[in-house]
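Here is the structure we will look at, set down as structure tokens.
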Amino acid sequence: MSIVLPYKGISPRIGQGVFLAPNCVVVGDVTIGDYSSIWFGAVLRGDVEEIIVGKYTNIQDNVVVHGTKGKYNVVIGDCVTIGHNATVHATKIGSHVMIGMGAILLDGSEVGDYCIIGAGAVVPPGMKVEPESLVLGVPGKVVRKITKEEKEIIDNNWKNYLEYAREYLGGK
15 MSIVLPYKGI SPRIGQGVFL APNCVVVGDV TIGDYSSIWF GAVLRGDVEE
65 IIVGKYTNIQ DNVVVHGTKG KYNVVIGDCV TIGHNATVHA TKIGSHVMIG
115 MGAILLDGSE VGDYCIIGAG AVVPPGMKVE PESLVLGVPG KVVRKITKEE
165 KEIIDNNWKN YLEYAREYLG GK
């Protein structure tokens, strides 16, 4: 069973059709939009600042999402894929974004719509990533604009995870 806990009297708010994997942890001031999915081992800790997850977003296995007390909350847009083992710390992510496996987004960073953050990339504190950018490396740098084909990959990915979540929910 997933662990959904209140913290200081604030309980997570879970939208319609959301899939919460049995061992994910969602604590405190967290809002999860309709038809999003939180996968195995993921932790969303809304204990120090608010976390907002949009609609149709998938937060995959072992992802950690957390804010910085008194400074930065976390906002994740609609139709976002956050790959396995990523760390999303005190950042804002637009809509239609793909965060690669093992990527790290640090305090005060912002990622615009239709971006790809490559696997293992580190988005440094305060970095502002313009829409439609591809970020690679450590520290992360914008290497180019994404292509039409990459936009399609972003959208296919969240749609695939929407289908996986529906299957786990028994086809609902």
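Take the sequence shown: its letter number 1 is residue 15 in our numbering, and every next letter is one higher. In this text, a Cβ means the ideal position worked out from N, Cα and C, and glycines have one as well.
* Closest residue to Gly-47 among Leu-34, Phe-54 and Val-39 (Cα-Cα distance) -> The residue labelled residue 47 in the question sits at position 33 within the sequence shown. Looking at the Cα atoms, Leu-34 is the closest of the given residues.
* If you compare alpha carbons, which of Ala-117, Lys-85 and Val-67 is closest to Pro-138? -> For the purposes of this step, residue 138 is identified with residue 124 of the sequence shown, where counting begins at 1. Closest in C-alpha terms to Pro-138, from the list Ala-117, Lys-85 and Val-67, comes Ala-117.
* Expressed to the nearest angstrom, what Euclidean distance is found between the alpha-carbon atoms of Ala-100 and Lys-22? -> On the sequence shown, position 86 is the one that residue 100 refers to. On the sequence shown, position 8 is the one that residue 22 refers to. Using only the alpha carbons, I get a separation of about 27 Å.
* On the three-state DSSP scale, how would you describe Glu-144? -> In the sequence shown, the residue the question calls residue 144 occupies position 130. In the three-state DSSP reduction, Glu-144 falls in the coil class, being neither helix nor strand.
* Sequence-distant residues of the same chain with beta carbon closer than 6 Å to Thr-95, five excluded per side -> For the purposes of this step, residue 95 is identified with residue 81 of the sequence shown, where counting begins at 1. Sequence-distant Cβ neighbours of Thr-95 in its own chain, meaning closer than 6 Å and more than five residues away, are Asn-72, Met-112, Asn-171 and Trp-172.
* Give me the Cα-Cα distance between Gly-134 and Leu-119, rounded to the nearest whole angstrom. => As a position in the sequence shown, residue 134 is number 120, starting the count at 1. As a position in the sequence shown, residue 119 is number 105, starting the count at 1. The straight-line gap from Cα to Cα measures roughly 10 Å.
* Per DSSP, what kind of secondary structure is Leu-183 in: helix, strand or coil? -> Numbered from 1 along the sequence shown, position 169 holds the residue referred to as residue 183. DSSP places Leu-183 in the coil class of the three-state scheme, outside both helix and strand.
* Note down, in chain order, each residue of its chain lying with its Cβ closer than 7 Å to the Cβ of Pro-153, except the 5 sequence neighbours on either side. => Stepping through the sequence shown from its first residue, residue 153 is reached at position 139. Cβ contact annotation for Pro-153 (same chain, cutoff 7 Å, sequence separation greater than five): Val-136 and Pro-138, in chain order.
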